[in-house]
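Notes to accompany the following structure.
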Ligand code: MEV
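Residue numbers (the numbering used here): 78 to 411.
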């Protein structure tokens with residue numbers, strides 16, 4: 078039995094635009110998904126708990142047909158199951174063990190579909206645990222690539238490498254198309270606001286694609302986000318945190334123009350700014366979920382706690398570890 082964990086992430090800059098080849102800078106945060114993989118004679122059984130911050134339990138066996146009794150939208154649940162099924166397929170393929178059966182257990186403190194990279198973290202940790210359980214150790218590069226293929230399949234071919242590369246490597250990363258690398262970032266005082274909701278990443282990515290194909294302004298907006306990311310990289314290199322915050326504000330405005338913000342995300346962003354945050358923006362696909370703000374005082378967290386629509390706020394630290402093995406008692410035979 079092997080347990081691996083991988084971190085969630087926030088986007089400092091560049092979500093959505095990264096799907097069209099613009100650069101993006103996500104940062105791993107110390108909120109993790111842990112996946113335990115144990116061999117069984119055949120098939121796949123998955124047990125999940127705590128996939129949102131308020132906690133619920135999902136138990137289902139085999140394929141996605143058995144609908145568990147949980148209070149989340151079907152689309153989200155199907156997506157979550159899809160990520161696990163595809164991750165196990167990747168592990169079987171990597172270990173050349175197409176019929177390997179698994180008992181998979183997921184524990185996560187990352188809210189599902191809330192922009193903190195829950196699906197990427199689950200995919201990365203699941204592939205790592207399942208391949209190790211089959212006696213195979215993948216390089217981080219191959220692990221990130223296989224996790225990307227999971228997202229690409231589940232999101233109907235519309236995914237960047239950003240979430241999965243960040244979750245695999247940890248720290249701050251820069252992704253532009255196929256070019257993925259780790260990068261330096263100063264100490265950033267992240268405060269997260271969570272509205273208790275979630276967005277459907279596949280649907281949101283598809284909506285931006287349609288807008289971009291129909292309106293020149295949307296294509297220009299995607300390119301403008303790319304410009305902001307490049308400016309953001311210079312600000313990060315100079316450790317100019319105030320400028321990083323300003324650019325995050327601009328990035329949020331452009332994401333709103335692309336239609337991926339929401340009333341509660343906007344309310345949290347404005348509450349953070351009014352409380353003196355250096356910058357605030359939605360993180361991830363949008364539609365609902367989380368915002369990330371920069372504030373080294375307690376003002377933003379307090380303001381968020383009093384903001385209608387904000388379910389909770391918390392501080393997040395940069396996670397420099399990336400994927401890691403929590404325990405390894407693998408049998409090793411395929
Ligand atoms: C979702 O966390 C980030 C998006 O840019 C999609 C992707 O990069 O695959 C919206």
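Idealized CB from N, CA, C, for every residue including glycine.
- Straight through space, the alpha carbons of residue 112 and residue 178 are spaced by roughly 15 Å.
- The shortest CA-to-CA distance from residue 307 to any of 102, 82 and 84 is the one to 102.
- For residue 229, the secondary structure class from DSSP, reduced to helix, strand or coil, is helix.
- The closest CA to that of residue 98, considering only 237, 171, 370 and 118, is found on 237.
- Annotation for residue 371: the continuous beta strand (DSSP E) segment containing it runs 367 to 371.
- Annotation for residue 269: no alpha helix (DSSP H) segment contains it, though the beta strand (DSSP E) segment containing it runs 267 to 271.
- For residue 242, the closest alpha carbon among the candidates 118, 91, 219 and 295 is that of 219.
- Here the distance from the Cβ of residue 240 to the nearest heavy atom of the ligand MEV is below 8 Å.
- Counting along the chain, residue 106 sits inside the beta strand (DSSP E) bounded by residues 102 to 117.
- Taking the C-beta atoms as reference points, residue 168 is found no nearer than 9 Å to residue 83.
- Note on residue 100: 16 or more other CB atoms within 10 angstroms of its CB, so buried under the neighbour-count rule.
- In the displayed model, residue 182 falls within a strand according to three-state DSSP.
- Contact holds between the region 310 to 330 and the region 367 to 376, because three or more Cβ pairs, one in each stretch, are under 8 Å apart.
- For residue 217, the CB contacts under 8 Å within the same chain, skipping 5 residues up- and downstream, are 245, 246, 399 and 400 in chain order.
- Across the structure, residue 208 and residue 353 are spaced so that their CA atoms are roughly 46 Å apart.
- The distance from the Cβ of residue 192 to that of residue 316 is about 25 Å, inconsistent with a contact at the 8 Å cut-off.
- When DSSP reads this structure, residue 343 sits in no beta bridge, so it has no partner.
- Just measuring C-alpha positions, the residue of 402, 407, 396 and 405 sitting nearest residue 106 is 396.
- The C-beta of residue 357 has 16 or more other C-beta atoms within 10 Å across all chains shown, which makes the residue buried.
- Its Cα nearest to that of residue 310, the residue 89 stands out among 80, 81, 79 and 89.
- Within the region 193 to 246, no complete beta strand (DSSP E) segment of 3 residues or longer occurs.
- Assignment of residue 87 by DSSP, reduced to helix, strand and coil, places it in the strand class.
- Using a C-beta cut-off of 8 Å, the region 261 to 280 makes contact with the region 386 to 396, since at least three inter-stretch Cβ pairs fall below that distance.
- Assigned with DSSP and collapsed to three states, residue 300 falls in helix.
- By the beta-carbon neighbour count (other beta carbons within 10 angstroms, threshold 16), residue 394 is exposed.
- Look at residue 163 here: in three-state DSSP terms it is helix.
- In this structure, DSSP gives residue 406 a state outside helix and strand, which the three-state scheme calls coil.
- Relative to the non-hydrogen atoms of the ligand MEV, the Cβ of residue 232 comes within a distance shorter than 8 Å of at least one.
- For the region 272 to 328, the full-length alpha helix (DSSP H) segments reaching 4 residues or more read 278 to 291 and 293 to 314 along the chain.
- Rounded to the nearest angstrom, the Cβ distance from residue 231 to residue 276 is 15 Å, too far for a contact under 8 Å.
- With a 10 Å radius around the Cβ and a threshold of 16 neighbouring Cβ atoms, residue 261 comes out exposed.
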